[in-house]
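Asks: Just dropping this structure here.
Protein chains in written order, with UniProt numbering: chain V, 1 to 198; chain G, 1 to 569.
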């Protein structure tokens, strides 16, 4: 797995949400969960051709999808924030990959800091680290995803795994990964995953 | 209980808690208050955010029963009344300014019980919170049709012109009085701002001038639904027409079960300001054609087309095989507004198959792994700094404004910092532009540890940068601090020399590094130097100013080095 560049804490809503098909009215984009920036408040530029494609998919659909059918506003996309997940870096990496002349399969990973506007308590921090990995190739299936996850977790010493259907705006199918915790004697969520939407 | 847990897990729901009303009250208010409360077992279930059809008991049970193949998926029918007999909702142009869209439907001959009534109200609230985004996008109003006469008019009027008796109140109020009345109501005050400052407020009248509701705030008392209500008029108004249609579809499909003719909904004609009319609810059944091999390929299973059709039908997506066996026609009911692409159908097929039944494989992708050069450099430096006797610290990237400005004897405008608009506490006002405050706070929290304290951190700082596409960027900094009874400038200087040595940067002016005496606001005058390398200034080192030390609640001298390591990648 090759490491992705993630050294930008400040991200635009475009890369953090819109390019990942998260609708502009989604609750996670609320003041409560995301750190929005006062200064610089807006991203000066968005990739022009790509942003019009994203606008179309949100408002009308595309690539086989019905879309969300709402009015997509570019001002919302320009709002700067502290990234809420490293998937925004993955989106940038995939964008670069798409612009390559010839497609080459890749495996990317990153481990870096993310920010969520939460009150601090025993199980929540406002900034924490996320481990993210992705594989891009032809002919990948959900079974492959589960296989990689099982290998990954077994290297961490976690071998009892169960997968549960979940929902992410940008992946379908999505799975939450659960592992049995001997100490707590129950299944706890150890990860989230999915196949990116076309 | 366990069986239900398994079922939920398979279906994609999370069984959060098994509790009872008694338990809930015990936890919140203490055992005394809980005496006499119900002991009936309650399940708290977490529903995914995009499944509006599972938000009420009716929908949830229906979905699970179809999943278990106990019942067949009901067919929701729209009944269009004969000409002149149906209800009409006329929208006037004044609403365009404040809340332009409206849709409506009628549930005929419905029978309510206490439980069904509670569930009905509950679903409206849940939809309000979820897809309606706290009533901002869509607001739902339900009315007893027998208390009013159509056709109904949806218009917008100045607040002083609207007067009616709001739900559960004893007298009539004007709209402006209503705003004041509910300003302190814990439930409704959050919605007042949606229309408060507009010149006209939305309002729905019947043909006799009776007010049905003033969306999105409150319904009229006149049309209040009781357990004896037989015919319900439902209206959804809002700023997003797609969501309004979805909301209407969900409510009518869920509760049409209790109509005399189950699963039927009476349509309402909506007349637009330009004269065009539209029949609601849409209750559209959409057909998508999917190839069975597409589903098999994406999931990694190999099921026959007919078994795939069965799996999808179990997920409320009625399907059958067409063509010469290599096509699936999938019918998407109005309850599944979350299906917007073939991949959503694929997920449902996988859920019906059972995620944990899918065979796990490793992709055959061959790639060569690479570490990002900047991270590799940081990792190597971390090892060397630790070897030099320093302990690594990991601190927060967000801090208060004072931390990077006042406490370091500098002005906030000189720092070029990125500022947060909505911090929950003052501790997270800005993104750090230097690693120094984090380390000083770490020392302050560890005063009891034996001296000397030698800490370092190699991490990102954030500054504004107009040249990037977002307007800010990160720099990878290295910061080391020595805290002891004597400042130890020579130790920090030695550390710098060691870092340069492992980076193979020679100590000379040309292609190497040098230090020159300089002034730094956070440093002791005359005991500060600037580090130059590769033709640019990369940081400072020196003895920390006593004022800074005191502001961070420390008592001993210390010296610090902070440099940007990116030029060395």
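Each residue gets a CB set at the ideal place from its N, CA and C atoms; glycine is no exception.
#1: Quick one: grab the DSSP three-state call for residue 498(G).
#2: Answer with buried or exposed for residue 429(G), where buried requires no fewer than 16 other C-beta atoms within 10 angstroms of its C-beta.
#3: Got a sec? Which residues, its chain only, sit under 6 Å from residue 503(G) by beta carbon, not counting five neighbours each side?
#4: What are the boundary residues of the alpha helix (DSSP H) that includes residue 54(V)?
#5: Which residues, taken in chain order from the segment 55-67 of chain V, show a beta carbon closer than 9 Å to some beta carbon of chain G?
#6: Who are the neighbours of residue 371(G) on chain V, taking C-beta pairs under 9 Å?
#7: Anything in the UniProt domain "B5" (283-360) of chain G with a Cβ closer than 7 Å to a Cβ of chain V? List those residues in chain order, please.
#8: Less than 8 Å between the CB atoms is what I'm expecting for residue 170(V) and residue 128(V), so what's the real figure, rounded?
#9: Return the bridge partner residues of residue 443(G) from the DSSP annotation.
#10: Give me the chain V residues within the contact set of residue 418(G), using Cβ-Cβ distance strictly less than 9 Å, ordered along the chain.
#11: When you compare only the Cα positions, how much space is there between residue 540(G) and residue 407(G)?
#12: So with CB distances below 7 Å, who are the chain G contacts of residue 85(V)?
#13: Considering only C-alpha positions, which residue in the set 216(G), 564(G) and 461(G) is nearest to residue 377(G)?
#14: Kindly list the residues whose CB is nearer than 6 Å to the CB of residue 77(V), restricted to its own chain and excluding five residues on each side of it in sequence; keep chain order.
#15: Exposed or buried, which one is residue 417(G) when buried takes at least 16 other CB atoms within 10 Å?
#16: How would you call residue 81(V), buried or exposed, if buried means at least 16 neighbouring beta carbons within 10 angstroms?
#17: Unbroken beta strand (DSSP E) runs of length 3 or more, entirely within the segment 492-555 of chain G: which are they?
#18: Can you name the residues of chain V whose CB is closer than 7 Å to the CB of residue 439(G)?
#19: Could you name the residues of chain V that residue 397(G) contacts, counting a contact when the two beta carbons are closer than 8 Å?
#20: Can residue 289(G) and residue 330(G) be called in contact, C-beta distance under 9 Å?
#21: Taking the alpha-carbon of residue 88(G) as reference, which of 501(G), 3(G), 234(G) and 180(G) has the nearest alpha-carbon?
#22: Between the alpha carbons of residue 150(G) and residue 252(G), how many angstroms are there, rounded?
#23: Between the Cα of residue 410(G) and those of 498(G), 272(G) and 522(G), spot the shortest distance and give me the residue it belongs to.
#24: Answer yes or no: the CB of residue 469(G) versus the heavy atoms of the ligand NAD, is any distance below 8 Å?
#25: From residue 412(G) to residue 401(G), what does the alpha carbon distance come to, in whole angstroms?
#26: Return the residue from the list 296(G), 355(G), 314(G) and 335(G) that minimises the CA-CA distance to residue 326(G).
#27: Can you tell which of 476(G), 153(G), 390(G) and 553(G) has its C-alpha closest to the C-alpha of residue 373(G)?
#28: Roughly how many whole angstroms lie between the Cα atoms of residue 258(G) and residue 103(G)?
#29: Quick one: using the 10 Å Cβ neighbour count with 16 as the cut-off for buried, is residue 188(V) buried or exposed?
#30: By the 10 Å Cβ neighbour count, where 16 or more other Cβ atoms means buried, how is residue 559(G) classified, buried or exposed?
#31: In this structure, what does DSSP give as the bridge partners for residue 395(G)?
#32: Counting only Cβ pairs nearer than 8 Å, list the residues of chain V close to residue 238(G).
#33: Would you mind telling me which residues of chain V sit closer than 9 Å to residue 428(G), beta carbon to beta carbon, in chain order?
#34: Less than 9 Å between the C-beta atoms of residue 53(V) and residue 72(V), yes or no?
#35: What residues from chain V crowd round residue 100(G), counting only those whose CB sits closer than 9 Å?
#36: For residue 154(G) versus residue 242(G), is the C-beta distance shorter than 9 Å?
Replies: In this structure, then:
#1: Position 498 of the second chain, counted from the start, is the residue given in the question as residue 498(G). Three-state DSSP puts residue 498(G) in a helix.
#2: Taking the second chain and counting its residues from 1, one reaches residue 429(G) at position 429. With 16 or more Cβ atoms within 10 Å of its Cβ, residue 429(G) is classed as buried.
#3: Within the second chain, the letter at position 503 stands for residue 503(G). Around residue 503(G): 568.
#4: In the first chain, counting from the first residue as 1, residue 54(V) sits at position 54. Where residue 54(V) is concerned, the enclosing alpha helix (DSSP H) starts and stops at 48-59.
#5: In summary, the residues of the segment 55-67 of chain V whose CB is separated from some CB of chain G by less than 9 Å are 61, 63, 64, 65, 66 and 67, in the order they occur in the chain.
#6: As a first step, residue 371(G) must be located in the second chain, where it is residue number 371. In chain order: 2 and 3.
#7: Listed by position along the chain: 297, 298, 299, 300, 340, 341, 342, 343, 344, 346, 347, 350, 351, 355, 356, 358, 359 and 360.
#8: Counting from one through the first chain, the residue named residue 170(V) turns up at place 170. Counting from one through the first chain, the residue named residue 128(V) turns up at place 128. Not quite, the Cβ-Cβ distance comes to about 20 Å (not below 8 Å), so this is no contact.
#9: Looking up residue 443(G) in the second chain gives position 443. Its beta-bridge partners do not exist; DSSP assigns none.
#10: For the purposes of this step, residue 418(G) is taken as the residue at position 418 of the second chain. Residues of chain V whose Cβ lies closer than 9 Å to the Cβ of residue 418(G) are, in chain order, 9, 10, 37, 38, 39, 40, 80 and 82.
#11: Counted from its first residue, the second chain places residue 540(G) at position 540. Counted from its first residue, the second chain places residue 407(G) at position 407. Residue 540(G) and residue 407(G) have their C-alpha atoms spaced approximately 17 Å apart.
#12: As a position in the first chain, residue 85(V) is number 85, starting the count at 1. Ordered by position in chain G, no residue passes the 7 Å Cβ test against residue 85(V), which lies about 15 Å from the chain.
#13: The residue given as residue 377(G) occupies position 377 in the second chain. Closest option to residue 377(G), Cα to Cα, is 564(G).
#14: Counting from one through the first chain, the residue named residue 77(V) turns up at place 77. Counting only Cβ-Cβ distances below 6 Å, and skipping sequence neighbours, we find 13, 14 and 18.
#15: Mapped onto the second chain, residue 417(G) falls at position 417. Counting Cβ neighbours within 10 Å, residue 417(G) comes out buried, since at least 16 surround it.
#16: Position 81 of the first chain holds residue 81(V). Residue 81(V) comes out buried.
#17: Within the segment 492-555 of chain G, the complete beta strand (DSSP E) runs of at least 3 residues are 513-517, 523-533 and 536-544.
#18: Within the second chain, residue 439(G) is the residue found at index 439, counting from 1. None at all; the shortest Cβ gap to chain V is about 17 Å.
#19: Residue 397(G) sits at position 397 when you count from the first residue of the second chain. Correct list: 9, 113, 115 and 127.
#20: Walking along the second chain from the start, residue 289(G) turns up at place 289. Walking along the second chain from the start, residue 330(G) turns up at place 330. Taking C-beta atoms as the reference points, residue 289(G) and residue 330(G) count as a pair closer than 9 Å.
#21: By 1-based counting over the second chain, the position of residue 88(G) is 88. Considering only alpha carbons, the answer is 234(G).
#22: Counted from its first residue, the second chain places residue 150(G) at position 150. Counted from its first residue, the second chain places residue 252(G) at position 252. Their Cα atoms are separated by approximately 20 Å.
#23: Translated into positions along the second chain, residue 410(G) becomes position 410. The residue with the shortest Cα to Cα distance from residue 410(G) is 522(G).
#24: Absence of the ligand NAD is noted for the structure shown, with no ligands found whatsoever.
#25: Residue mapping note: residue 412(G) aligns to position 412 of the second chain, counting from 1. Residue mapping note: residue 401(G) aligns to position 401 of the second chain, counting from 1. For residue 412(G) and residue 401(G), the distance between alpha carbons rounds to 7 Å.
#26: Position 326 of the second chain, counting from 1, holds the residue named residue 326(G). Distance from the Cα of residue 326(G) is smallest, within the candidate group 296(G), 355(G), 314(G) and 335(G), for 296(G).
#27: Looking up residue 373(G) in the second chain gives position 373. If you compare the alpha carbons of 476(G), 153(G), 390(G) and 553(G) with that of residue 373(G), the shortest gap goes to 476(G).
#28: Here residue 258(G) refers to the residue found at position 258 when the second chain is read from its first residue. Here residue 103(G) refers to the residue found at position 103 when the second chain is read from its first residue. If you take the alpha carbons of residue 258(G) and residue 103(G), they lie about 21 Å apart.
#29: Indexing the first chain from 1 puts residue 188(V) at position 188. Residue 188(V) should be labelled exposed.
#30: Counted from its first residue, the second chain places residue 559(G) at position 559. With 16 or more other Cβ atoms within 10 Å, it is buried.
#31: In the second chain, residue 395(G) corresponds to position 395, counting from 1. Beta-bridge pairing links residue 395(G) to no other residue.
#32: Translated into positions along the second chain, residue 238(G) becomes position 238. Scanning chain V for C-beta atoms nearer than 8 Å to the C-beta of residue 238(G) yields nothing, as the closest lies near 11 Å away.
#33: Taking the first residue of the second chain as position 1, residue 428(G) is located at position 428. Taking a Cβ-Cβ cut-off of 9 Å, the neighbours of residue 428(G) in chain V comprise 35, 115, 117, 126 and 127, given in sequence order.
#34: The residue labelled residue 53(V) in the question sits at position 53 within the first chain. The residue labelled residue 72(V) in the question sits at position 72 within the first chain. It is not a contact, given that the beta carbons lie outside the stated cut-off.
#35: Along the second chain, read from residue 1 onward, the residue named residue 100(G) stands at position 100. At a C-beta separation below 9 Å, residue 100(G) has no neighbours in chain V, since its nearest C-beta there lies roughly 12 Å away.
#36: Here residue 154(G) is taken as the residue at index 154 of the second chain, counted from 1. Here residue 242(G) is taken as the residue at index 242 of the second chain, counted from 1. For residue 154(G) and residue 242(G), no; Cβs fall outside 9 Å.
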